[in-house]
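Below is one structure, written out as structure tokens; comments come after it.
Residue numbers (UniProt numbering): 1 to 109.
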């Protein structure tokens, strides 16, 4: 199962996310839940960089199965809010996946 956690600060803003595990909803190369989760996560990370010129503090494991991202400190309020919007969109996408494929993906926020 893919487990996804979003951490928030005391103002309710997302400070980081962590994804771990494997969906195993189909054979290797045909796992649609895995492909969807990968597309959502890397799409959001790439959008943050492309639209705000900000790199999240990322950690990944070779071979897949783990990705974490942390919002850096010291950002302007404008950039920070853009990143929040993109991360909230990422969360909504994962929650939508969880509604349909809850046996393969779990989201905590």
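Don't be surprised by glycine CBs; every beta carbon is placed ideally from N, CA and C.
Counterpart residues of residue i in DSSP-defined beta bridges
i, result
"residue 100", "Looking at the DSSP assignment, residue 100 forms no beta bridge with any residue, so it has no partner."
"residue 110", "Past the edges of the chain, shown from 1 to 109, lies residue 110, and the structure says nothing about it."
Residue i to residue j span [Cα, whole Å]
i, j, result
"residue 24", "residue 35", "11 Å"
"residue 100", "residue 91", "15 Å"
"residue 26", "residue 79", "38 Å"
"residue 37", "residue 82", "21 Å"
Assigned secondary structure, residue i (DSSP; H/G/I helix, E/B strand, else coil)
i, result
"residue 13", "coil"
"residue 93", "helix"
Same chain, Cβ closer than 7 Å to residue i, neighbours up to 5 away in sequence not counted
i, result
"residue 40", "90, 93, 94"
Other residues of its chain near residue i: CB distance less than 6 Å, five sequence neighbours each side excluded
i, result
"residue 86", "44, 47, 48"
"residue 6", "14, 17, 91, 109"
"residue 58", "69"
Proximity test, Cβ basis, 8 Å: residue i and chain C
i, result
"residue 47", "Of the chains in the structure shown, none is chain C; there is only one protein chain."
Could I get the ranges of all uninterrupted alpha helix (DSSP H) runs contained in the stretch 17-79, with 4 residues as the minimum, in chain order?
32-52
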